[in-house]
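Only one structure is covered here, and it is reproduced in the block below.
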Amino acid sequence: MAVRKQILEGQIKFLQAVELPTAKGDAAKAIQLLKSKTSDNEKLKHELSRLLERCTLEASQSKSKEMDFKTKLVAFKRQNHLLQKRCDRAPEIKAKAVKRAKSSANKENRTYKLLHKGAYSPQARELARMLVSAGCSREYVSNVIHAVCKSAGVAVQGSMSRRTVSRAILEGGIAAKIQIGHELAQAEAFTASKDGTSNKHVNYDAHHINLKVSSYSDDPDEVPTHCHRFLGIVSSPDQSAEGQAEDLVEQIDDVLKIYNKSPLAKRSGHFMRLVKAISLLKGVNTDHCSKEKKFSNIMKSKVVDAVRELLGETEVLEKSWEEIDILFDKALSGGNTPMMAWWAENDVTPPILLANHDNAAVLNNLDSLDDLTPAEQHALESTTRGGVKAASLAGAIFNHKDDKKGQQDIFKWWFKNAGIPIAFPDTSNNRYGTYCEAAGVLLLYCDKFLEFLEFVRDSKKKHVFTNMEKNLYNALKDPATLTELAVLALYAQAISHPYMRQIRGKNINMLDLAPLHLQVEQHMINVIENPNILVSADATYTTGAMDEKEWEKPDVVNAILKRMPELPHLSNVLVHFTTEFTPSGVIDSATDLQKELAWMPATNDVNEGMLGSLRQFWRFNPRATLHVFNSLAMFQRNNTQPFMNKHFKEDDHKFLMHMGREVDSSRLESKRQAKNVEYTQAKNQKKNDRDTEAAKKKAEKNNRISRIPLIFEKEVIEGLKGQKLQDQLDAFRLAGAPLPALLKDVKVVADKKKTIQNAIEQYENDKWSPIGFEGGETDGFQADNGDEENGEE
DNA sequence: CGAGCTGTGAGGGATAAAAC
DNA sequence: GTTTTATCCCTCACAGCTCG
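Structure below.
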């Protein structure tokens, strides 16, 4: 800038030296320029000074900043230190925070929420049931919950009203029913038991069923065990065996109806129909009086009906092979006794007695069947005979389940040596089919068996049979016993085996079985009508076997047919056996499996206990209803809470609440009472009607008798008989003659005559005189005759 | 000793109220 | 609008008490 100024000043001087017109102008211009430059300079100067100023400022600022930074650094260092410290303490802080969070959460937990979404939770309902069954009044359930929670430092939200508690109890009962339904739906079998008592002139019956169920524990290894399930107490006015059987069926029906409606059933797909459930009933346990036995028989027939209904149904139901086997075996067992009966009925020498050791001692000294001592009578009656017994004896000797007894090894070796490698069929269980098997083997190798028995006898020191061996030896020589064995074997070949062949190895359903059972029946009819299709020289499997296929054991059939001349009664006994065959023989002879299925406790304590509980309950809750008691008791005794915990989902609880309200408003108790009253009224009405009818008849009779003239001639009386004699007797009685009080005391004609003649004699001696006769009025006698007529009943 | 009163706890109908 | 609970109302049976 200084340079430029110098240039400019030089130029000005030059211009001032050169005076030129244009230069003057230029100079002026230059001066102007100079002036402007000067102002520029001023500006620059200003600028500079400003810059300088700023520099100083900035310098001073930066200096202060530096100071700042220094202080800041110190501060940061301090902070860093602090942070480091804080960092070190972080876990501690964290723990503290967690603790705080926990405590605040606890504070929230300290309020126990009974209500969820406006309804009491399942847990709250469980609590209510628990308290009530522990004896808490419904009214105070809420108070107790609050009090207990308060002492534990927990506040409670919501307070259950008495009505709600009541409903929770009803819901417990419904849950118990769902549970029983669920268990029944999965059961293979169950048994029932009952006991009754009366309370204030009303009859109460407690029912239990017994079945194999899970205990609903969390243990995964637990196996189902046999348990009681309380079905509830019913008060049925109808105390007949039929009515009581109906009660039991109704209870099961009720349980199944509720179960089938439940979400649990829908979810698990286990539906159960009543007829199916009844068909699973394997036994009834009651007291041993005659009415209870009748009850048990009725239940049995209900089971048979149910099984029949299922057999004939068009619904596809899988049934295990074993079950069919059992059914069929049971059916067979019905035939044995009738076969025995045939010999007696037709006066033919029956199979010889196969007395056991004790009875044998008694019967050995027997000369004739007349004049039996009671001991001999008992020995005779308890001694069995016939094909089944012979087969079972053979089984006991040749294939005893206890290997130490019997001759099983020697038997096998001896027969193997004789060129017949067989093992004797196992008859030690109760399966009837095995007796048929054994019968076949015995017949086929009859001579060999005799030979073997002799071998056994002779190989002993004293060369004597044991009692069993002797019995079998004799039986195998006895035509009647052989006849029975032949019947059993033939039956198996003609019907049992073909039947089994059709079923075995197939995926059986009942639809397929219905025609098969018809076929069995038809073939049986064929045999009955013409036994020759089975027992004649030209009988073959085409006519004899039900399925017209080759015999299962052709040798056996041939052996029997060969023996026919020795067995003259074979076809008769066969027909008789087949006729008596009942396809519905039930629970009598049980196999181990059946026994397992038909598990029953030895005593009836559970039912008696429940009835006792009811009385106790009513002492303290006089207005309680029967269904409330049942709900509480079923829930408690049947282990229902664990069941609910294991199986119930939200919709199940909803279902419970829904059903609970339904039950709550269904007036069960008043219905129960009304039913009772109505039944009694109807019964009274019937009785009254009967009485009226009887009175009417009595009046009519008296009216007629009163018109009959009394005959006071002994000879005429002597000549009377029948109705006329009876009329005279009645007339004398009506006339007040001294006769025996009861009509049944005078029944025989001779007595009647004598009685009347006695009366005439007394009349002649003026001991009495007839009242009301000739006048024909009857009114006066009605009362007098009341007693006599009652005696007649 | 028994009639009558009282308290308790029950059943259950009707309906309002709350929650969804 | 439906579901669930709460409340009010009445009824009943029994035990235990009082009192004549």
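Numbers 708 to 1500, taken from this note's numbering, label the letters of the first sequence in order. Note that beta-carbon positions come from the ideal geometry of N, C-alpha and C, so glycine has one too.
Kindly indicate which three-state DSSP category Val861 falls into: helix, strand or coil?
-> Here Val861 sits in coil by DSSP.
Hey, quick one: how far does the beta strand (DSSP E) through Ser1377 stretch, first residue to last?
-> Where Ser1377 is concerned, there is no enclosing beta strand (DSSP E), although the alpha helix (DSSP H) it sits in stretches over 1375-1414.
Should Thr1190 be labelled buried (16 or more other beta-carbon atoms within 10 Å of its own) or exposed?
-> Thr1190 should be labelled buried.
Please name the residue, chosen from Pro1128, Leu1100, Lys1177, that lies closest to Ala1146 on a Cα-to-Cα basis.
-> When C-alpha distances from Ala1146 are compared across Pro1128, Leu1100, Lys1177, the shortest belongs to Leu1100.
Beta carbon of Ser840 nearer than 8 Å to that of Ser866 = Contact: no.
State whether the region 908-926 contacts the region 938-951, with contact taken as three or more CB pairs (one from each stretch) at a distance under 8 Å.
-> Judged by Cβ distances under 8 Å, the region 908-926 makes contact with the region 938-951, as three or more pairs qualify.
Residues near Asn1239 by beta carbon distance below 8 Å, same chain, minus five either side | Correct list, in chain order: Ala1246, Ser1278.
Leaving aside the five residues before and after Glu716 along the sequence, list all residues of the same chain whose C-beta is less than 7 Å from its C-beta, in chain order.
-> Once the five neighbours on either side are set aside, Glu716 has no close Cβ partner at all.
Output the distance between the C-alpha atoms of Ser1373 and Ala1406, rounded to the nearest integer angstrom.
-> Each residue's Cα considered, the two are about 49 Å apart.
Would you report the Cα separation of Ala1402 and Asn1409, rounded to the nearest angstrom?
-> Taking the straight line joining both Cα atoms gives about 10 Å.
Selection from Phe1327, Ala1381, Asn917, Thr1249 that minimises the alpha carbon distance to Thr898 = The shortest Cα separation from Thr898 among Phe1327, Ala1381, Asn917, Thr1249 belongs to Asn917.
Close beta carbons around Trp1258, own chain, < 7 Å, minus the five adjacent residues each side = When the five nearest sequence neighbours on each side are left out, the beta carbons in the same chain lying within less than 7 Å of the beta carbon of Trp1258 are those of Gln1200, Tyr1248, Ala1252, Val1264, in order along the chain.
Should Gln1435 and Leu1441 be called a contact, given that it needs their Cβ atoms to be closer than 8 Å?
-> No. Outside cutoff.
So what does DSSP say about Lys1213, is it helix, strand or coil?
-> With a pLDDT of 46 at Lys1213, under the threshold of 50, the modelled position of this residue cannot be trusted, and the question is left open.
Assign Ala1051 to one of two classes, buried (16 or more other C-beta atoms within 10 Å of its C-beta) or exposed (fewer than that).
-> With fewer than 16 other Cβ atoms within 10 Å, it is exposed.
Leaving out five residues on either side along the sequence, give the residues of the same chain with a beta carbon under 6 Å from the beta carbon of Lys820.
-> For Lys820, where only same-chain residues beyond five positions count, the Cβ hits under 6 Å are Gln864.
Would you mind sorting Thr1511 into buried or exposed? The rule is 16 or more other CB atoms within 10 Å of its CB.
-> With the chain covering 708 to 1500 only, the question about residue 1511 has no answer from this structure.
Helix, strand or coil: how does DSSP classify Ile1202 here?
-> The answer is helix: DSSP assigns Ile1202 an H, G or I state.
Is it the case that the Cβ atoms of Pro1272 and Ala1187 are separated by a distance below 8 Å?
-> Pro1272 is not a Cβ neighbour of Ala1187, given a cutoff of 8 Å.
8 Å CB neighbourhood of Gln951 in its chain, flanking five on each side removed | Listed in chain order, the non-local C-beta contacts of Gln951 below 8 Å within the same chain comprise Lys901, Gly903, Asp912, Ser943, Asp945, Phe1002, local neighbours out to five positions each way being set aside.
By how many angstroms is the C-alpha of Gly825 removed from the C-alpha of Ala690?
-> With the chain covering 708 to 1500 only, the question about residue 690 has no answer from this structure.
From Ile1232 to Lys1260, what does the alpha carbon distance come to, in whole angstroms?
-> When rounded, the distance between both Cα atoms is 23 Å.
If you draw a straight line from the C-alpha of Gln713 to the C-alpha of Lys784, how long is it?
-> Between Gln713 and Lys784, the C-alpha separation is close to 59 Å.
For Gly1102 and Pro1132, believed in contact at Cβ under 8 Å, the rounded distance | Yes, Pro1132 and Gly1102 are in contact; Cβ-Cβ is about 7 Å, under 8 Å.
Assuming Ala883 and Asn1345 form a contact by the criterion Cβ under 8 Å, report the distance between their Cβ atoms to the nearest whole angstrom.
-> With 8 Å as the limit, Ala883 and Asn1345 qualify as a contact, their Cβ atoms being about 5 Å apart.
Decide if Pro829 is buried, meaning its Cβ has at least 16 other Cβ atoms within 10 Å, or exposed.
-> It is buried - the Cβ of Pro829 has at least 16 other Cβ atoms within 10 Å.
Delimiting residues of the alpha helix (DSSP H) encompassing Ile1424 = Run containing Ile1424: 1421-1426, per the alpha helix (DSSP H) assignment.
Any idea which residues DSSP pairs Tyr827 with across the strands?
-> Paired residue(s): Leu822.
At least three beta-carbon pairs within less than 8 Å, the region 918-929 to the region 970-982 = Contact fails: fewer than three Cβ-Cβ distances are below 8 Å.
Residues in its own chain within less than 7 Å of Val1148 by CB, not counting five upstream and five downstream?
-> Ile1129, Phe1131, Pro1132.
Can you name, in chain order, every residue of its own chain whose Cβ lies under 8 Å from the Cβ of Asp1185, other than the five neighbours on each side?
-> The answer, listed in chain order, is Pro1058, Ile1059.
Same chain only: Cβ atoms within 7 Å of Phe1439, ignoring 5 sequence neighbours per side = The residues are Leu1417, Leu1446, Ile1463, Ala1466.
Cys1143 and Leu1061 closer than 8 Å at C-beta = No, they are not a contact pair.
Note down the Cα distance separating Leu1160 from Asn1178, rounded to an integer number of angstroms.
-> In this structure, the alpha-carbon of Leu1160 lies about 11 Å from that of Asn1178.
Bounding residues of the beta strand (DSSP E) (the contiguous stretch that carries Ala1182) | First-last for Ala1182: 1174-1182, but that is the alpha helix (DSSP H), not the beta strand (DSSP E).
If we count the other Cβ atoms within 10 Å of its Cβ and call it buried at 16 or more, is Trp1049 buried or exposed?
-> Buried, because 16 or more other Cβ atoms sit within 10 Å of the Cβ of Trp1049.
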